[in-house]
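Counting with our numbering, you get residues 73 to 359 for the letters of the sequence shown. Note that the Cβ used here is the ideal one computed from N, Cα and C, for glycine as well. Take a look at the structure set out below.
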Amino acid sequence: MVMVAKTIFKRYELKYVLDRCQYDAVEKVLQEHMVLDRYGHSSIRNIYLDTDDFLLARRSIEKPLYKEKLRLRSYGAATEDEDIFVELKRKYDGVVYKRRLSIPSKKAMEWFSGNAEPPMGQIAEEIDYFRVRYQGIGPAMYLSYERDSYAAKDGGDLRITIDSDILSRTVDIDLGQEPSGNEVLPKGYRVMEVKTMYGYPSWLTELLSYNSLYKSSFSKYGNAYKEMVLGFRPEEVCLPSYAGQISRSNSGYATDNQTAGKRSVIDKTLYSHAKTAASIKMRGTIE
Numbered sequence: 073m074v075m076v077a078k079t080i081f082k083r084y085e086l087k088y089v090l091d092r093c094q095y096d097a098v099e100k101v102l103q104e105h106m107v108l109d110r111y112g113h114s115s116i117r118n119i120y121l122d123t124d125d126f127l128l129a130r131r132s133i134e135k136p137l138y139k140e141k142l143r144l145r146s147y148g149a150a151t152e153d154e155d156i157f158v159e160l161k162r163k164y165d166g167v168v169y170k171r172r173l174s175i176p177s178k179k180a181m182e183w184f185s186g187n188a189e190p191p192m193g194q195i196a197e198e199i200d201y202f203r204v205r206y207q208g209i210g211p212a213m214y215l216s217y218e219r220d221s222y223a224a225k226d227g228g229d230l231r232i233t234i235d236s237d238i239l240s241r242t243v244d245i246d247l248g249q250e251p252s253g254n255e256v257l258p259k260g261y262r263v264m265e266v267k268t269m270y271g272y273p274s275w276l277t278e279l280l281s282y283n284s285l286y287k288s289s290f291s292k293y294g295n296a297y298k299e300m301v302l303g304f305r306p307e308e309v310c311l312p313s314y315a316g317q318i319s320r321s322n323s324g325y326a327t328d329n330q331t332a333g334k335r336s337v338i339d340k341t342l343y344s345h346a347k348t349a350a351s352i353k354m355r356g357t358i359e
């Protein structure tokens, strides 16, 4: 299997944790403005590489200005001879920089166990430098989820993904194995990621505001570490950020019968999202 895919990414990636009601409202609006991309629905399996004491996971949950992670990824089960992605992901000041290459799963595992030389090329050199810099780095966690991937109907750069059934484990770390493990989110919750370099369209800003959706620092790997190693419950790693959110109607949208005070909160939230979108657009243009 030969993968022909983009190898270098630079963009903003903003995350939102959705409950069932919010997801229903989001899905309805996405169908109006976006289409499933070439991946559509996929079962994603990852192996996160880390040190024995989970240095990279610990740094991730500290919310630093700069953080980085290394993972192996497949779409569905991968045999030893099938190509997978090796991805080096860095985030600095809100901007995500990702480098990735595709090689057979067996060769990737041999590379990261120190039993094979890295592939040729600039991206492979960057990844191998990372591997050497973190002495003792190796497969630390298997993390899987179901993903729906959307692209803008107008052909713009906006991408949105929604992940569900996020599972993690620290045994049977093999991309060829079936998903199983600890649930990273409470039942019915999903993670939406908005990926863009040029700001939010107005319909998306309104959707987020009317459904009380706020940016989250949620990290799948970081939160899986909190639960599996530190003993947190799923509710403790994602729900506290929702304290103080305004309530929603059964439809998931604000209604004309809401109080003036609640409308004021929504207006302020809308303004906040507009500022975020404008900031992304301005910075993306400069960079």
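- The alpha-carbon separation between Arg205 and Thr123 amounts to approximately 11 Å.
- Taking 8 Å as the cut-off, the beta carbon of Val98 is found no closer than this to the beta carbon of Cys310.
- At the C-beta level, Arg171 and Ile133 stay beyond 8 Å of one another.
- In the DSSP annotation of this structure, Val168 is not part of any alpha helix (DSSP H); the continuous beta strand (DSSP E) holding it starts and ends at 167 to 176.
- With a threshold of 16 other beta carbon atoms within 10 Å, Val107 falls short and is exposed.
- When C-alpha distances from Lys298 are compared across Glu265, Asp246, Glu255, the shortest belongs to Glu255.
- Counted as a single uninterrupted DSSP element, the alpha helix (DSSP H) harbouring Lys292 occupies residues 292 to 300.
- For Asp226, the closest of Asp109, Lys87, Cys93 by C-alpha to C-alpha distance is Asp109.
- If you draw a straight line from the Cα of Lys100 to the Cα of Val266, it is about 16 Å long.
- For Lys259, the closest C-alpha among the options Arg117, Ala129, Met213, Glu307 is that of Glu307.
- The three-state reading of DSSP puts Lys179 in helix, counting H, G and I together.
- Look at the beta carbons and you see the segment 265 to 285 touching the segment 226 to 245: at least three pairs across the two are nearer than 8 Å.
- With respect to the C-alpha of Leu142, the residue from Arg305, Lys163, Val243, Val301 having the closest C-alpha is Lys163.
- By the criterion of at least three beta-carbon pairs nearer than 8 Å, the segment 213 to 225 is not in contact with the segment 191 to 198.
- Each of Leu302, Thr277, Leu276, Met264 was checked against the Cα of Ser288, and the nearest Cα belongs to Met264.
- If you draw a 10 Å sphere on the C-beta of Glu104, you find fewer than 16 other C-beta atoms in it, and that means exposed.
- Closest by C-alpha distance to Asp244, out of Leu102, Gly148, Ile119, Tyr111, is Ile119.
- Taking the Cα positions, Phe126 is about 8 Å away from Ala212.
- In chain order, Ser289 place their CB closer than 6 Å to the CB of Lys135, counting only its own chain and leaving out the 5 sequence neighbours on each side.
- Across the set Phe81, His113, Gln207, Glu159, the C-alpha of His113 shows the shortest separation from the C-alpha of Ser236.
- Inter-residue distance for Gln94 and Leu102 is about 12 Å (C-alpha atoms, whole angstroms).
- Using a 10 angstroms sphere on the CB of Gly294, the tally of other CB atoms reaches 16 or more, which defines it as buried.
- Excluding residues up to 5 positions away in sequence, Lys82, Arg162 lie with their Cβ nearer than 6 Å to the Cβ of Tyr169 in the same chain.
- DSSP lists no beta-bridge partner residue for Thr79.
- Comparing alpha carbon positions, the residue from Lys179, Leu128, Ser284, Arg145 closest to Ile209 is Leu128.
- Under the DSSP assignment, Leu127 falls in the alpha helix (DSSP H) whose first and last residues are 127 to 133.
- In the DSSP assignment, Ala223 falls within the unbroken beta strand (DSSP E) covering 210 to 224.
- Distance between Lys87 and Leu302, taken at the CA atoms: about 23 Å.
- Rounded to the nearest whole angstrom, the C-alpha separation of Thr151 and Tyr111 is 19 Å.
- If you draw a straight line from the Cα of Leu121 to the Cα of Tyr214, it comes to about 9 Å.
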